[in-house]
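So the sequence shown is numbered by the numbering used here: it starts at 180 and just counts up by one. Just so it is clear, CB atoms sit at the ideal spot from N, CA and C, and this is done for glycine as well. These figures come from a predicted structure and were not determined experimentally.
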Amino acid sequence: MSDMWSTVLDDIRNQVRPEAFNTWFRPLNCKIEENDNVIVTVPEDFYLSWFQDNYGGFLSDVIREHLGSMPNLEFKLLQESSGRGVPADSFESGLERKYTFDSFVAGDSNRFAHAAAMGVANNPGDSYNPLFIYAKVGLGKTHLMHAIGCEIQKRKPEARVRYVTCETFVNDVVQMLTDGRNADGFRTMYRDSCDVLLVDDIQFLGGKEKSQIEFFNVFNALYGMRKQIVLACDRYPRDIPQLEQRLQSRFQWGLVVDIDQPDLETRIAILQTKARAQQLDIPQDVAMLIATHIKSNVRELEGALTRLRAYLELTKSELTMESVRLALGNLLVEGNNRLTVERIIQTVANYYSVSVKEMKGTARKRSIATPRHVAMYLAKTLTEASYPTLGERFGGRDHTTVLSAVQKIERLCRADQNEIAVDIERLSEILDE
Ligand code: ADP
Ligand code: MG
């Protein structure tokens with residue numbers, strides 16, 4: 180049946196432009212089943228809806244010609260299709276080769292996490308164990324985990340590296356518990372035959388008691404053998420709800436690093452790197468236009484790039500500032516108002532005429548401490564950064580310092596006719612611009 184897919188592909192190649200073929204069809208995987216069910220696997224989620232809307236009908240037409248009847252197309256994401264039980268022996272690393280250190284752009288927002296990841300890849304089990312990476316969605320956690328795994332694999336081909344999402348882990352636990360015979364398979368997979376374990380989106384363990392017990396055992400076993408553990412999470416360990424204390428503390432035994440939203444320069448570099456990888460040359464002004472408007476998340480940047488390519492290709496337009504505006508339209512107005520902690524610190528510093536260095540420094544003079552507290556308060560209310568993250572951002576303070584600053588400003592704001600309340604209102608307006 181896979182032969183049919185290759186003839187279908189040949190057919191498509193003759194009907195669409197080469198760029199369209201490379202962008203949209205080459206990355207597809209397709210399984211044609213006996214009963215006219217056709218499972219199409221796409222590599223990224225932003226592909227999915229766009230592809231369905233624009234090429235879904237075309238694809239099913241072409242397949243119909245080969246199949247002789249109307250296919251039932253079912254689209255799936257690549258990662259989802261790797262569902263599996265607990266194999267006793269066959270080894271699956273779960274790594275994605277495209278996520279490497281080479282394709283990861285380092286900038287101020289991710290420098291620490293990037294360096295730590297390289298450190299771990301160079302000396303697995305030796306330097307930081309576990310490495311705990313946390314960040315909001317779309318900022319490169321999964322990319323970095325695969326990069327660590329791929330790099331270790333490259334240096335030591337015999338190393339048994341295993342990447343799983345926490346969801347897979349939880350499913351495997353459930354399967355083991357419902358079918359006792361699988362206990363050995365589980366043990367082999369996560370402990371005995373595993374030299375490096377990378378578990379993504381570990382926040383998913385929250386509230387799952389049995390999985391927490393199993394993960395605790397796996398953790399202890401691997402840690403005891405000095406095998407590297409890498410965890411990614413959308414929040415700081417302490418902020419994972421319903422997670423046992425003993426796991427919370429173990430997650431912090433090694434090194435905890437976070438990734439912030441990328442600054443403009445990094446966003447431009449990421450855009451250009453991604454574009455180049457797709458043989459698209461983006462001039463500086465265009466990269467600037469996109470990166471100025473799409474700020475919060477690298478996945479959105481990639482989405483913009485995909486949309487831009489699709490637009491150019493479908494309308495056969497040249498890449499100009501104008502075509503970018505037409506292609507990205509609402510993307511360039513929406514989603515552009517998310518604030519970063521750095522911008523808040525900078526804005527508050529300007530407002531009170533103190534320096535960013537003083538804001539992050541230790542001086543307790545009121546003329547500096549007040550702006551610092553105001554900035555902490557605004558950062559807590561206007562971003563989703565946790566107290567520990569804010570402590571980091573404000574010059575490596577303890578999270579309790581930030582907490583008490585925020586509470587203090589809240590108290591002051593409640594008092595009538597307080598200057599601080601006026602300042603905060605004004606600052607919120609400035610930050611909203
Ligand atoms: P997360 O796991 O934090 O939600 P991902 O690792 O899935 O985020 O990243 C989302 C997308 O953005 C991926 O395609 C990834 O390759 C890309 N990406 C994120 N950060 C970077 C970076 N610094 N350089 C290059 N690509 C990046
Ligand atoms: Mg991820």
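Per-residue burial, residue i [other beta carbons within 10 Å of its own, 16 or more giving buried]
i	result
A466	buried
S228	exposed
R429	buried
N509	exposed
I447	buried
H245	exposed
S475	buried
L377	buried
T560	exposed
M324	buried
Q586	exposed
V477	buried
E497	exposed
G386	exposed
R543	exposed
N308	buried
P250	buried
V316	exposed
A326	buried
M355	buried
P462	exposed
T614	Lying outside 180 to 612, the shown extent of the chain, residue 614 is not represented and no answer is given.
G403	exposed
I588	buried
I242	buried
G247	exposed
Identity of the residues DSSP links to residue i by a beta bridge
i	result
V435	F311
F254	V219
I408	L376
Y342	L377
K211	Strictly speaking, residue 211 in this sequence is Ile, with Lys absent from that position. DSSP lists V217 as partners of I211.
Residue i beta carbon near the ligand MG (any heavy atom closer than 8 angstroms)
i	result
K277	no
A411	yes
K315	no
D464	no
T165	Outside the displayed span of the chain (180 to 612) sits residue 165, for which this structure offers no information.
D379	yes
Contacting residues, own chain, Cβ-Cβ under 7 angstroms from residue i (five flanking each side not counted)
i	result
V535	I524, Q525, A528
W184	C209, I211
L468	M500, V503
E598	none
Closer than 8 angstroms: residue i CB and nearest the ligand ADP heavy atom
i	result
A362	no
D439	no
I419	no
R339	no
F283	yes
V436	no
N233	no
I469	no
E571	no
T186	no
T452	yes
R478	yes
G286	yes
T568	no
L318	yes
T562	no
I449	yes
E481	yes
N289	yes
T344	no
T347	no
T485	no
T445	yes
Neighbourhood of residue i by C-beta distance below 8 angstroms, restricted to the same chain and skipping five residues each side
i	result
R192	F200, F204
L606	T526, V527, Y530, V553, L557
CB contact below 9 angstroms: residue i versus chain D
i	result
G286	The structure shown has no chain D; it contains just one protein chain.
Other residues of its chain near residue i: CB distance less than 6 angstroms, five sequence neighbours each side excluded
i	result
P206	P222
Q431	P416
R576	G570
S261	The predicted model places S261 with a pLDDT of 40, which falls under 50 and marks its position as unreliable, so this point remains unresolved.
Y278	H322, H325, A326
Rounded Cβ spacing between residue i and residue j (contact assumed at less than 8 angstroms)
i	j	result
L459	R488	6 angstroms
V520	A470	Actually they do not touch by this definition, with Cβ atoms about 19 angstroms apart.
F383	V349	7 angstroms
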